[in-house]
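A.B. asks:
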Amino acid sequence: MTNQTYGNMGKILRIDLTTGSTKTEDANPYYKEWLGGRCLSHHLLFKEVDVAKTDPLSPQNMILISTGVLGGTTFPSSGRTHATFLSPHNTSGWGDSNCGGHFGPSMKRCGYDMLIITGKSPKPVVIQMENDSVKLSPAQDLWGKGCNDTQAELLNKNGEEAKILCIGPAGENLITFANVRTEQTNSMGRCGLGAVFGSKNLKAIVAKGTKPVKLFKPKEFYKLSLELRNTFMDPDYGMVHSLTYKLMSTGGVPAVTNLIAQTGMTPIRNWQRCGIDPKFDKLVTYWFEKWGTRRESCFSCPVHCHASYAVTQGKYPTRGGGPEYETTTAFGHKCDVTDEKVVLKLNTMCNDYGLDTVETGALFSTLMELREKNIIDKKFTDDVDLVFGNGDAMVELMPKIVFKKGCGKKLVLGPYRLARTLGEKAMESVYHQKGMCATGVETRSTIGSMLQFAVSPRGSHHLSGLPTAEWVNVPALGLHVTGHKEAGDIRSYHPEGKAKLVQYYENLFFMSDSLGVCKFNFGHLGYFHDKPEHLEYMYDMVLKGIYYASGIKYSKEELFAIFEKSNQIERATITMRGIRRKDDQPNHKCLTQSCPGDHPAGPVPLPPIDSKKYNKILDAYYKVRGWDKKTGIPKQDHLKELGLVDVARKLKKAIA
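Its first residue numbered 10, the sequence shown is counted upward by one per residue in our numbering.
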């Protein structure tokens with residue numbers, strides 16, 4: 010191998026918004042040890058920021074935006090962009106967010122594998138990158154505008170080839186569940202990155218790159234890409250794999266709703282019920298059949314799981330991109346709203362304001378339950394009748410939240426912090442972990458999923474490592490990846506099986522985030538999950554893809570060693586910020602209430618989580634992770650064995 014950089018671009022761009030200065034750094038020394046993307050971001054954030062004490066909304070917080078060695082290539086689904094930062098929203102302070110679209114590939118074609126942003130601009134600003142040209146442009150004229158107008162004006166100024174990350178009024182107003190938007194359909198939705206942008210007076214980032222990505226073995230890489238693309242679309246590859254492709258390519262992620270609900274995993278009415286309910290069928294595929302205008306895909310993706318829509322009837326005519334399963338369940342199932350036109354309107358509003366649909370939907374559904382229990386009344390929401398099923402009330406209240414008007418001054422706290430002001434009874438209605446409400450997953454349905462949500466460093470989130478082999482209910486895969494067939498049984502409390510299963514998928518999920526490829530297609534949904542040999546085929550293709558792209562060889566074991574180190578950095582950070590074993594426990598509803606519903610797999614109603622059995626799993630999980638059994642703090646010896654000497658030193662000092 011020569012000194013030429015292949016696959017990657019070989020540079021990190023650093024921007025200090027306080028001074029307006031920029032500089033580049035050689036990224037090549039990092040690749041073998043930290044791969045790139047999410048893994049490298051974790052290493053650099055921990056190394057360069059006082060993660061124990063830094064206020065997420067202060068100039069000292071750092072935003073690391075990255076792609077990976079496969080990003081922006083012909084490798085299927087290689088359009089992802091990852092961000093790492095300290096989060097202002099959850100109680101752990103850990104922020105990871107990821108989106109599809111085309112920004113990551115365009116940033117890479119400007120010549121950069123990673124963008125590191127520090128400081129705070131004195132006035133609103135846009136970062137503009139066009140190949141080697143990097144400049145900061147005033148954004149006072151964009152401040153206050155929604156994401157739609159912001160992107161339209163920046164595209165008009167920079168050309169349609171430009172790709173954009175931007176915030177709306179929610180981020181400008183430092184709402185802690187504000188997101189970062191790109192194009193019509195994609196969001197860095199969780200953990201409040203929009204507020205971090207806003208705290209830095211950063212309105213948008215524009216990337217317009219045309220540089221080629223040089224490949225180590227281009228012929229082999231293109232041949233592999235074609236084979237993998239065809240495998241994704243193969244109708245005979247396996248029932249789970251092929252059904253996943255069929256549903257997602259024709260109806261997007263909402264189309265898998267009833268598939269997910271087979272185990273009771275889809276939550277209804279603020280997690281008071283779960284499973285399959287025909288009254289929500291308009292939120293599954295009908296919305297696209299009726300109002301969809303076209304299917305869309307991210308960069309280099311054969312699945313086309315995204316869509317555009319235009320509603321032309323009813324009182325909420327609207328158009329936009331999406332929605333995702335998370336949005337249809339957040340505003341539909343969880344709030345007991347069945348009118349797809351209302352859900353599409355709410356999706357459009359969130360996308361333009363720059364709000365996380367998951368947390369916004371959870372805020373409304375939590376308030377609806379609090380109203381049902383007479384903990385709050387109609388006056389609490391400025392006489393807006395926020396009860397289950399009233400989508401009109403959500404449409405009316407959302408601007409109050411974004412602009413902090415009237416009751417919005419309270420609601421802007423989000424479900425967890427708002428409920429804390431209302432007392433313990435109110436807290437019982439918040440379905441959260443570490444202060445962030447859950448995505449569209451009923452965790453009483455599958456025991457490994459409960460563990461994964463509880464230990465997730467950023468709060469209730471399936472993309473931290475939802476154990477796919479379990480919820481697709483394939484015991485052979487559970488046996489393959491853990492050595493215990495019980496790991497693939499959705500109801501089993503087998504300690505070692507569930508602990509190793511969650512560790513495995515948490516580590517696996519680092520792979521896509523660090524390579525710049527889609528997690529849906531590489532480990533999260535049903536792709537490559539019919540047989541153990543299918544899963545190993547996926548790894549073989551990824552490892553070959555990395556080598557053909559970059560010339561760097563990894564074994565599967567070497568990759569997972571990098572992922573394990575990255576997970577330890579997450580855990581060290583959140584324990585330095587006060588997270589302990591008590592924060593890894595299921596929430597009140599999971600521990601104390603059963604969940605009725607209609608679903609063919611698993612008991613009906615779902616029983617509460619058995620605390621004693623769960624804690625035996627947690628003991629086993631801490632053991633395989635090398636964390637202290639009583640506290641959940643990573644052990645010094647284990648960190649040093651992994652080569653994380655500096656992490657061990659900083660952790661010891663912080664908790665002394």
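Where a beta carbon is used, it is the ideal one built from N, C-alpha and C, also for glycine.
1) Please classify M10: does DSSP put it in a helix, a strand, or coil?
2) Given 8 Å as the limit, is there contact between the segment 554 to 574 and the segment 219 to 231, that is, 3 or more CB pairs closer than that?
3) Using the Cβ count rule (16 or more neighbours within 10 Å means buried), how would you classify T253?
4) Quick check: A428 and V439, are their CB atoms within less than 7 Å of each other?
5) Given a cut-off of 7 Å on the beta-carbon distance, is the pair G497 and L486 in contact?
6) CA-CA distance, D593 and T100?
7) Hey, how far is the Cα of S130 from the Cα of I24?
8) Roughly how many whole angstroms lie between the Cα atoms of P484 and V633?
9) By a C-beta neighbour count over all protein chains shown, 10 Å radius and 16 as the cutoff for buried, is V511 buried or exposed?
10) Rounded C-beta distance between I184 and K212? I'm assuming under 8 Å.
11) What does the alpha-carbon distance come out to for the pair D361 and Y425?
12) Touching or not, the segment 532 to 543 and the segment 243 to 253, by the rule of three or more beta carbon pairs under 8 Å?
13) When the Cα atoms are used, what is the spatial distance from T27 to I126?
14) With a threshold of 6 Å (Cβ to nearest heavy atom), would H471 be considered close to the ligand ADP?
15) Could you check the C-alpha separation between I664 and G641 for me, to the nearest Å?
16) Three-state secondary structure (DSSP) at W300?
17) Once the 5 residues before and after K639 are set aside, which same chain residues still bring their CB inside 8 Å of it?
18) Are the CB atoms of H538 and V249 nearer to each other than 7 Å?
19) Is it buried or exposed, A161, if we count other Cβ atoms within 10 angstroms and call 16 or more buried?
20) Just to confirm my understanding: we take H489, look at its own chain, exclude 5 residues before and 5 after, and list those with CB closer than 6 Å. What are they?
21) So, under 8 Å CB-CB, A629 and A508 are touching, yes? Tell me the CB distance rounded to an integer number of Å.
22) Round the Cβ separation of T584 and P504 to the nearest angstrom and send it over; I've been treating them as touching at under 8 Å.
23) Where DSSP assigns a beta bridge to S317, which residues make up the other side?
24) Determine the extent of the beta strand (DSSP E) in which I173 is found, giving its start and end residues.
25) Identify whether H441 lies in helix, strand or coil by the three-state DSSP scheme.
26) Measure the alpha-carbon distance for D286 versus T191 and round it to whole angstroms.
27) Exposed or buried, which one is G691 when buried takes at least 16 other CB atoms within 10 Å?
28) List the residues that DSSP assigns as beta-bridge partners of S75.
29) If you drop the 5 nearest sequence neighbours on each side, which residues of the same chain put their C-beta closer than 7 Å to that of A270?
30) Along the chain, where does the beta strand (DSSP E) that runs through R282 open and close?
31) Given a cut-off of 7 Å on the beta-carbon distance, is the pair G102 and R586 in contact?
32) Grab the span of the beta strand (DSSP E) containing S101 for me, first residue to last.
33) Which one or two residues does DSSP pair with C108 in a beta bridge?
34) In three-state DSSP terms, what is K217?
35) Answer with yes or no whether the minimum CB distance from N239 to chain D is below 7 Å.
C.D. replies: In short:
1) Residue placement at M10 is flagged as unreliable, the pLDDT there being 39, under the threshold of 50; a coordinate-derived value is accordingly withheld.
2) yes
3) T253 should be labelled buried.
4) Cβ atoms of A428 and V439: closer than 7 Å.
5) In contact: G497 and L486 (Cβ atoms closer than 7 Å).
6) D593 and T100 have their C-alpha atoms some 12 Å from each other.
7) 11 Å
8) 21 Å
9) When all chains shown are included, V511 counts as buried.
10) Contact annotation, I184 with K212: C-beta distance approximately 15 Å; criterion of less than 8 Å not satisfied.
11) 24 Å
12) yes
13) 10 Å
14) The ligand ADP is not part of this structure, which contains no ligands at all.
15) So the alpha carbons of these two residues sit roughly 12 Å apart.
16) It is helical.
17) These residues qualify, in order along the chain: R590.
18) yes
19) exposed
20) P541
21) 4 Å
22) Their Cβ separation, rounded to whole angstroms, is 22 Å, which puts T584 and P504 out of contact at 8 Å.
23) R303 and G330
24) K172 to C175
25) Of the three classes helix, strand and coil, the one that applies to H441 here is strand, per DSSP.
26) Approximately 33 Å between the Cα atoms of the pair.
27) Shown here, the chain extends from 10 to 665; a query on residue 691 therefore has no answer.
28) H91 and M123
29) G284, I285 and H608
30) Where R282 is concerned, the enclosing beta strand (DSSP E) starts and stops at R282 to G284.
31) yes
32) Where S101 is concerned, there is no enclosing beta strand (DSSP E), given that its DSSP letter is neither H nor E.
33) T90
34) coil
35) The structure shown contains no chain D, having only a single protein chain.
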